[in-house]
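What follows is one structure encoded as structure tokens, with my remarks underneath.
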Amino acid sequence: MKILESAANEDREGCVYWSEKIGYLTGFESDAMKQAHVDSIMTIGEPFRVKGPYSFAMQKVTKKVKSNIAVMLNERLTPPPNETYSLHRKLSGVFLLCSKLSANVECSKLYKKYLDNYDFSSL
1 MKILESAANE DREGCVYWSE KIGYLTGFES DAMKQAHVDS IMTIGEPFRV
51 KGPYSFAMQK VTKKVKSNIA VMLNERLTPP PNETYSLHRK LSGVFLLCSK
101 LSANVECSKL YKKYLDNYDF SSL
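In the UniProt record's numbering, the protein residues as written are 1 to 123.
Okay, here's the thing in structure tokens:
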């Protein structure tokens, strides 16, 4: 949740910090790997930054993330944490579904509602 919060707030350093904390990054990655990783997170955070409805019909999230995949595959020092695999699949599926439906969703409003009630005490 903190990684998404960092992306929603356009906090690149926060994305790196929380990515290292939960095991996406080791802290020894190349600058290219860190940039690709953070760029992808920032792209995924895009719908949560938009005030008002986000047009999934017009989004380029998949294309932007795909542009970083080669770097992340070639330079990743550690696999993503196991518990995040299903989350990635679900998030990807939601983006795809919303895109196919040409949905306009107030993601920032929904996100804020859950963020305000999220228990960060275990972090």
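From the three backbone atoms N, C-alpha and C, an ideal C-beta is built for every residue, glycine too.
As the structure is a computational prediction, the values presented were derived from the model and not from experiment.
Spatial distance of residue i from residue j (CA atoms)
i, j, result
"N104", "V65", "21 Å"
"K109", "P79", "32 Å"
"L96", "S67", "17 Å"
"K113", "F48", "12 Å"
"A7", "K90", "18 Å"
"I69", "L115", "28 Å"
"K60", "V94", "14 Å"
Integer Cβ distance of residue i from residue j, believed to fall under 8 Å
i, j, result
"Y24", "H37", "7 Å"
"L4", "G45", "6 Å"
"A57", "S122", "That pair is no contact at about 37 Å."
"E29", "E75", "7 Å"
Beta carbon of residue i nearer than 8 Å to that of residue j
i, j, result
"Y85", "M1", "no"
"G52", "E106", "yes"
"M42", "M72", "no"
Reduced DSSP secondary structure (H/G/I, E/B, other) of residue i
i, result
"N117", "helix"
"V105", "strand"
"Y17", "helix"
"Y54", "strand"
"S86", "helix"
"D39", "helix"
"L91", "helix"
Minimum C-alpha distance to residue i - residue among the options
i, options, result
"P81", "S19, Q59 and E10", "S19"
"S92", "N9, K63 and Y111", "K63"
"D39", "C98, R12, K100 and Y54", "R12"
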